[in-house]
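A short worksheet on the structure shown next.
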């Protein structure tokens, strides 16, 4: 299988590229990137330095590679969710998809959406959410006149080694190591946290040819509060952590409904389910964080 991959240097992309390059099916992978950075050196992994806004300039090189699958993970300048950045990413994504549908034998589109499409955190994410929804509408429209499959992945809260330092678990670790005060406005709020390895296994499962087109939730189907994460870290690594203050804050906060992924479709169509519990995922994350 010839796979065109965007976002290979990102949090999910790095892990996915490693997994794909070791697959027994011997995929050929072309990574599109704005830099010359080579994450993995492998005879079946190729790199093309390009910018998605000028993707037409690289049409011939992409056509020669002849991709039958696109895995589109790229989204520039996260966590900038303003109108201009969201619109830029929307336009660039559409340009890439349009080129592949017009000039290659593309059979399968795997695109990362967001759980924010169904559970928007607040109004500041509206441009990002609209951009994601517009890309999905564009794909559905194109499918009316072109035969291909698409897998739209509404990815929930991914964690694991390699994530940004400002993310929840790295932030907790650094604060505890440096004896800094932990600050959370809503320690009782729960999200569906999914370990990075499970996300990558999910994406690989979407390479199957007999599943049609789908919109999948990518999560565990369970929610975990910040309090529970703190308790797991405290118990796993014996940190001196007083949770009473966070519990007090939690009691004063209004109840928020659970916002978990619906993974029934993934279980049925992909024969996929998460392997990592929140406890085992936290343990592996903290053991492998290199900052």
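In our numbering, the protein residues as written are 2 to 292. Note that the Cβ used here is the ideal one computed from N, Cα and C, for glycine as well. Computed from a prediction, not measured in an experiment: that's the story for all the values here.
Notebook entry, point to check: What is the C-beta distance between residue 237 and residue 284, in whole angstroms, given that I count them as a contact (C-beta under 8 Å)?
Noted result: The beta-carbon distance between residue 237 and residue 284, rounded to whole angstroms, is 5 Å. This is short enough to meet the 8 Å contact definition.
Margin query: Cutting at 7 Å between CB atoms, please list the residues of its own chain near residue 223, excluding the five before and the five after it.
Written below: The beta carbon of residue 223 is closer than 7 Å to those of 193, 261 in its chain, skipping five residues each way along the sequence.
Next item on the list: State the DSSP-derived secondary structure class of residue 64, mapped to helix, strand or coil.
Entry: If DSSP states are grouped into helix, strand and coil, residue 64 belongs with the helices.
Margin query: Checking the sheet assignment: what are the DSSP bridge partners for residue 47?
Written below: Residue pairing by DSSP puts residue 47 in a beta bridge opposite 31.
Next item on the list: Apply the 10 Å Cβ neighbour rule to residue 213 and answer buried if 16 or more other Cβ atoms are within range, or exposed otherwise.
Entry: By the beta-carbon neighbour count (other beta carbons within 10 angstroms, threshold 16), residue 213 is exposed.
Note to self: If the criterion is Cβ atoms closer than 8 Å, does the pair residue 48 and residue 39 meet it?
What the structure shows: In contact: residue 48 and residue 39 (Cβ atoms closer than 8 Å).
Margin query: Suppose you measure from the CA of residue 126 to the CA of residue 43; what does that come to, to the nearest Å?
Written below: In a straight line, the C-alpha of residue 126 is about 38 Å away from that of residue 43.
Margin query: If the criterion is Cβ atoms closer than 8 Å, does the pair residue 275 and residue 221 meet it?
Written below: A contact, by the Cβ cut-off of 8 Å.
Notebook entry, point to check: Which runs of the beta strand (DSSP E) fall wholly inside the segment 181 to 216 and span at least 3 residues, in chain order?
Noted result: Fully enclosed beta strand (DSSP E) runs of 3 or longer: 194 to 196.
Note to self: With three or more C-beta pairs closer than 8 Å as the rule, is the segment 114 to 130 touching the segment 73 to 90?
What the structure shows: By the C-beta criterion, the segment 73 to 90 is judged to be in contact with the segment 114 to 130, since at least 3 inter-stretch pairs fall below 8 Å.
Note to self: Less than 8 Å between the beta carbons of residue 154 and residue 59, yes or no?
What the structure shows: Going by C-beta atoms, residue 154 is not nearer than 8 Å to residue 59.
Next item on the list: Please report the Cβ distance between residue 30 and residue 45, rounded to the nearest whole angstrom; I am assuming they are in contact, meaning their Cβ atoms lie under 8 Å.
Entry: Confirmed, Cβ separation roughly 6 Å.
Note to self: Under DSSP, the beta strand (DSSP E) around residue 152 begins and ends at which residues?
What the structure shows: Taken as a continuous stretch (DSSP letters only), the beta strand (DSSP E) holding residue 152 covers 150 to 156.
Notebook entry, point to check: On the three-state DSSP scale, how would you describe residue 233?
Noted result: Here residue 233 sits in helix by DSSP.
Notebook entry, point to check: Can the beta-carbon of residue 198 be found closer than 8 Å to that of residue 161?
Noted result: Residue 161 is positioned such that its CB atom lies closer than 8 Å to that of residue 198.
Margin query: Three Cβ pairs or more, each shorter than 8 Å: is that satisfied between the segment 223 to 235 and the segment 108 to 120?
Written below: Three or more beta-carbon pairs separated by less than 8 Å are not found between the segment 223 to 235 and the segment 108 to 120, which leaves the two stretches without contact.
Check: Do you know whose CA, among 71, 90, 50, lies nearest residue 62's CA?
Finding: The candidate whose alpha carbon is nearest that of residue 62 is 50.
Checklist line | 8 Å contact criterion, which residue 159 and residue 12 should meet: CB distance rounded | finding: Confirmed, about 7 Å.
Note to self: Can you tell me whether residue 129 is buried or exposed? The criterion is at least 16 other CB atoms within 10 Å of its CB, across all chains shown.
What the structure shows: Counting Cβ neighbours within 10 Å, residue 129 comes out buried, since at least 16 surround it.
Next item on the list: Taking 8 Å as the cut-off, decide whether the C-beta atoms of residue 113 and residue 74 are in contact.
Entry: In contact: residue 113 and residue 74 (Cβ atoms closer than 8 Å).
Notebook entry, point to check: How should residue 94 be labelled, buried or exposed, when 16 other C-beta atoms within 10 angstroms of its C-beta is the threshold for buried?
Noted result: Its Cβ being crowded by 16 or more others within 10 Å, residue 94 is buried.
Note to self: Assuming residue 234 and residue 111 are in contact, meaning their beta carbons sit under 8 Å apart, how far apart are those beta carbons, in whole angstroms?
What the structure shows: Incorrect: roughly 33 Å between the Cβ atoms, too far for contact.
Check: Hey, residue 104 and residue 165 are a contact pair by Cβ (cut 8 Å); roughly how many whole angstroms apart?
Finding: At roughly 35 Å, the Cβ-Cβ gap does not stay under 8 Å, so residue 104 and residue 165 are not in contact.
Note to self: Rounding to the nearest angstrom, what Cα-Cα distance links residue 100 and residue 20 in this structure?
What the structure shows: When rounded, the distance between both Cα atoms is 27 Å.
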